[in-house]
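Visitor:
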Amino acid sequence: MGVNLKEIDGVKIQPKHLASCHCGFVKIELDLPDGLIDLRRCDCSLCRRRGAIAASVSLDGINVLEGQEHLKLYQFNTNTAKHYFCGNCGIYTHHQRRSNPTQYGFNVACLEGVNPLKIGGVPTYDGVNHPADRG
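Just so we're aligned, residue 34 is where the sequence shown starts under my numbering, counting upward by one.
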């Protein structure tokens, strides 16, 4: 189980918290009434390379306010998870999770005012040996 947080380095996680990519083309509102839920890293081939800390939100807990047309979809392996990133600046914003398709994982570093380098103790999930890959 990942870490849950309501504040990071003095920045309170708002019930409706804004997030964006680096260039600002993609703006997202996240429904986070309980703060950040299930913070984690993953060691699958994609997550190792992007290095992001992710947290979870329900499918209806994310609202793309601006830039839907700039979001690009990337899928690999089983093509179950849907990874979204800004087509202009390349920043990963969110993904529909493979391990729980009723949730999105989102990039904590995209949250307004949050510095993910101030978060300690984030567990790494074993994405290399994902249960869906076992036959």
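Ideal Cβ positions, reconstructed from N, Cα and C, are used throughout, including at glycine. All of these numbers come straight from a predicted model, not from anything done at the bench.
If we require 3 or more residues per run, which beta strand (DSSP E) segments fall completely within the region 62-127?
Guide: 69-75, 87-91, 95-99, 104-107, 115-119, all fully within the region 62-127.
Visitor: Quick check on the burial criterion: 16 or more other C-beta atoms within 10 angstroms. Buried or exposed for residue 98?
Guide: Your numbering for residue 98 matches position 65 in the sequence shown. Exposed.
Visitor: Does DSSP classify residue 49 as helix, strand or coil?
Guide: What you label residue 49 is simply residue 16 of the sequence shown in a count that begins at 1. Three-state result, residue 49: strand.
Visitor: Out of 80, 81, 95, 72, which has the shortest C-alpha to C-alpha gap to residue 87?
Guide: Within the sequence shown, numbered from 1, the residue matching residue 87 stands at position 54. Closest option to residue 87, Cα to Cα, is 72.
Visitor: Which term fits residue 107, buried or exposed, when burial requires 16 or more other beta carbons within 10 angstroms of its beta carbon?
Guide: Here residue 107 is taken as the residue at index 74 of the sequence shown, counted from 1. Counting Cβ neighbours within 10 Å, residue 107 comes out exposed, since fewer than 16 surround it.
Visitor: From the DSSP output, read off the bridge partner residues of residue 139.
Guide: Looking up residue 139 in the sequence shown gives position 106. According to DSSP, which records beta bridges pairwise, residue 139 is partnered with 88, 127.
Visitor: Take residue 39 and list the residues in its own chain whose beta-carbon comes closer than 8 Å to its own, dropping the five residues that flank it on each side.
Guide: The count along the sequence shown starts at 1 and reaches residue 39 at position 6. The answer, listed in chain order, is 45, 46, 67, 68, 69.
Visitor: Per DSSP, which one or two residues make a beta bridge with residue 40?
Guide: The sequence position of residue 40 within the sequence shown is 7, counting from 1. Residue 40 pairs with 45.
Visitor: Return the CA-CA distance between residue 118 and residue 105, expressed in angstroms with no decimal places.
Guide: Your numbering for residue 118 matches position 85 in the sequence shown. Your numbering for residue 105 matches position 72 in the sequence shown. Computed Cα separation, rounded: 5 Å.
Visitor: Quick one, which of 95, 155, 142 has its alpha-carbon nearest residue 135's?
Guide: As a first step, residue 135 is located in the sequence shown; it is residue number 102 there, counting from the start. Checking every option, the nearest Cα to that of residue 135 belongs to 95.
Visitor: For residue 50, which residues from the same chain have a beta carbon less than 8 Å from its beta carbon, with the 5 sequence-adjacent residues on both sides left out?
Guide: Along the sequence shown, one-based indexing puts residue 50 at 17. If we look at residue 50 and ignore the five residues flanking it on each side, its Cβ neighbours are 62, 63, 65, 144, 145.
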